[in-house]
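Residue 354 is where the sequence shown starts when you use the numbering used here, and the numbers rise one by one after that.
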Amino acid sequence: MAETESLHDILDEASDMADVDSAEAPPESDLSDDEEAKAPEPKFWTTQPVPQIDDPPFEGDGPIQSIPSDQVSTTPAVLPDGLQWSFVDITQTEQLLELYHLLANHYVEDPDEEFRFNYSPAFLTWALKPPNYVPDWLIGIRSPGSNALVAFISGIPLTLNIRGNIVKTSEFNFLCIHRKFRLKRLTPALVSEFIRQSRLKGVMQSFFTAGAYLFPAVSECRYFHRPLNFPRLVNVGFSYVPASSSMSEMVERNKVPTETSLPGLREMDERDVPEVKELLTKYLTRFDMVPVFSKEEIHHTFVAGRGIGDRGENGRRKDQSTCTYVVENPETHEITEFFSLYHIPSTVLDNEEDPEINVGYLSYYASTAAFEEDAEGEDGKLKHRLTELIQDALVIAKQQNFDVINALTLMDNNSFLRDLKFTPGTGILSYYLYNWRTKPLAGYTATDDRPIGRGVGVIML
Numbered sequence: 354m355a356e357t358e359s360l361h362d363i364l365d366e367a368s369d370m371a372d373v374d375s376a377e378a379p380p381e382s383d384l385s386d387d388e389e390a391k392a393p394e395p396k397f398w399t400t401q402p403v404p405q406i407d408d409p410p411f412e413g414d415g416p417i418q419s420i421p422s423d424q425v426s427t428t429p430a431v432l433p434d435g436l437q438w439s440f441v442d443i444t445q446t447e448q449l450l451e452l453y454h455l456l457a458n459h460y461v462e463d464p465d466e467e468f469r470f471n472y473s474p475a476f477l478t479w480a481l482k483p484p485n486y487v488p489d490w491l492i493g494i495r496s497p498g499s500n501a502l503v504a505f506i507s508g509i510p511l512t513l514n515i516r517g518n519i520v521k522t523s524e525f526n527f528l529c530i531h532r533k534f535r536l537k538r539l540t541p542a543l544v545s546e547f548i549r550q551s552r553l554k555g556v557m558q559s560f561f562t563a564g565a566y567l568f569p570a571v572s573e574c575r576y577f578h579r580p581l582n583f584p585r586l587v588n589v590g591f592s593y594v595p596a597s598s599s600m601s602e603m604v605e606r607n608k609v610p611t612e613t614s615l616p617g618l619r620e621m622d623e624r625d626v627p628e629v630k631e632l633l634t635k636y637l638t639r640f641d642m643v644p645v646f647s648k649e650e651i652h653h654t655f656v657a658g659r660g661i662g663d664r665g666e667n668g669r670r671k672d673q674s675t676c677t678y679v680v681e682n683p684e685t686h687e688i689t690e691f692f693s694l695y696h697i698p699s700t701v702l703d704n705e706e707d708p709e710i711n712v713g714y715l716s717y718y719a720s721t722a723a724f725e726e727d728a729e730g731e732d733g734k735l736k737h738r739l740t741e742l743i744q745d746a747l748v749i750a751k752q753q754n755f756d757v758i759n760a761l762t763l764m765d766n767n768s769f770l771r772d773l774k775f776t777p778g779t780g781i782l783s784y785y786l787y788n789w790r791t792k793p794l795a796g797y798t799a800t801d802d803r804p805i806g807r808g809v810g811v812i813m814l
């Protein structure tokens, strides 16, 4: 499920096809879903300040295009058929629920149309309202007459350290268009309006991911999956029993311990924010493209989304979006490790008996073992410690009734994925920089100067 992103599919549907006639209730396309997915890809990105496949040899990091702020248009492009631009105010319950329903019904599906992300309103609030969020970067398109929300793109501020260059970017995400409006070339309009709004705030670079090739990516990472409830995953079609195995053998293979093993492991709370910030900041210096977190952003990312009240029967709190645990040395009380998971359930389409699976994603982590002697290598201290740490993350995930944990080949993940019985998926996630050029970063393949994963240290929801 997590292996497919919506941007490529929607961009395909924004190609040079005839517009439908009625903006209020356009007919369904004459193309089948499969035929639409194979429609010619638009030339939009060839007109943008992004790397092109025929660019001359790379000559250094930096912006591709410089645009004086006084040359940024102060008015948005006119939309077809009476459609109107609209900012989506997610502090208003009605508009938040509008966005939730648009995404729940029209956002990412897997290629076989069996699963769809189901972001809760609480998750959307957490994801789209980080510290210093920009209300004007939550951009919608509404239909005339009904004023229904039919398209959306979001952005949040993200400061990146890219090979030593501190770059203020706008991270855009959640690009979604109602199915009945996907032949109206709205995707280029949404992206262009988002870029315009970013430039109005003085932000000239952007960052995003997609599940397919759009233009030369700065990196690519492969998805890996760790089943925790194998029978359920098979029942809904997410996994299958290999011909050489039985269900009971696969259940046994994917068992995790019932209790964690690391002394001092506990849930992170507000008092840990300064120490976690210091640990993560130092740990991330080992990678080429990483976020630059403020103390407020650390609190938001790892504490603010933990939900409210006590844990319920499912092991999670009400409105829980993320869970973060630290390892506190029992003697010195130093935070030596931490890990974080976030939760995005997936709707199982056309399955009334089992309509949802609980999918967790491995987020940021860090360990002081990275800074010790003999840290690196197959037998190094870091690999050993991370394997223990993420094993405990799987135990916590199982206790919180996750059905599967997904992870990418970024950071140090490659050192423990196979040992912890993560299996490679078919999906590749491409990382794209808008208006910034740098050499390719090590993702699921190594580069001349970095092993697998060590180029990418940034997580997107």
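Backbone N, C-alpha and C fix where the C-beta goes; we use that ideal spot for every residue, glycine too.
Here the alpha carbon of T654 sits roughly 8 Å from the alpha carbon of P483. Note on L450: under 16 other CB atoms within 10 angstroms of its CB, so exposed under the neighbour-count rule.
Under the three-state reduction of DSSP, F775 is assigned to coil, being neither helix nor strand. DSSP places I688 outside any alpha helix (DSSP H); the residue lies instead in the beta strand (DSSP E), whose first and last residues are I688 to H696. With contact defined as three or more Cβ pairs closer than 8 Å, the segment 474-491 and the segment 705-720 are not in contact.
Shown here for L586: same chain residues with a beta carbon closer than 8 Å to its own, the five before and five after excluded, namely P580, S592, I710, D756 and V757 in chain order. Secondary structure of W479 (DSSP, three-state): helix. M642: member of the beta strand (DSSP E) spanning M642 to P644, first to last residue.
By the Cβ rule, the segment 608-623 counts as touching the segment 745-764, because three or more pairs are nearer than 8 Å.
Unbroken alpha helix (DSSP H) runs of no fewer than 4 residues, entirely contained in the segment 566-617, are found at 583-588 and 600-606, following chain order. In the DSSP assignment, T446 falls within the alpha helix (DSSP H) that extends over T446 to H459. Going by beta carbons, P433 and K537 fall inside the 8 Å limit. The beta carbons of F691 and I743 sit no closer together than 8 Å. Between the segment 398-410 and the segment 786-803, the count of C-beta pairs closer than 8 Å reaches three or more; the two stretches touch.
In this structure, the straight-line span from the alpha carbon of S720 to that of S426 is close to 46 Å. About 6 Å separates the beta carbon of I805 from that of T762, a gap short enough to meet the 8 Å contact definition.
Going by C-alpha positions, L694 is about 29 Å away from V556.
Looking at the DSSP output, F440 sits in a beta bridge with I492.
The distance from the Cβ of P584 to that of F397 is about 44 Å, inconsistent with a contact at the 8 Å cut-off.
Secondary structure at P541: helix, using DSSP grouped into helix, strand and coil. With respect to L502, L543 sits apart: the two C-beta atoms are not nearer than 8 Å. At a cut-off of 4 residues, the continuous stretches assigned as alpha helix (DSSP H) that sit fully inside the segment 666-752 are 734-752.
Per DSSP, I509 lies in no alpha helix (DSSP H); the unbroken beta strand (DSSP E) holding it starts and ends at L502 to I515. When Cβ pairs closer than 8 Å are counted between the two stretches, the segment 589-606 is seen not to touch the segment 640-658, the count staying below three.
Looking at the DSSP output, L761 shares a beta bridge with Y576.
A straight-line Cα-Cα distance of about 12 Å links F470 and L477. For V520, the enclosing beta strand (DSSP E) covers residues N518 to I530.
Our two residues, K635 and S572, have alpha carbons roughly 22 Å apart in a direct line. In the same chain as Y566, and ignoring 5 residues on each side of it, the C-beta atoms closer than 7 Å to its own belong to S783, in chain order. 8 Å or more divides the Cβ of S674 from the Cβ of A504.
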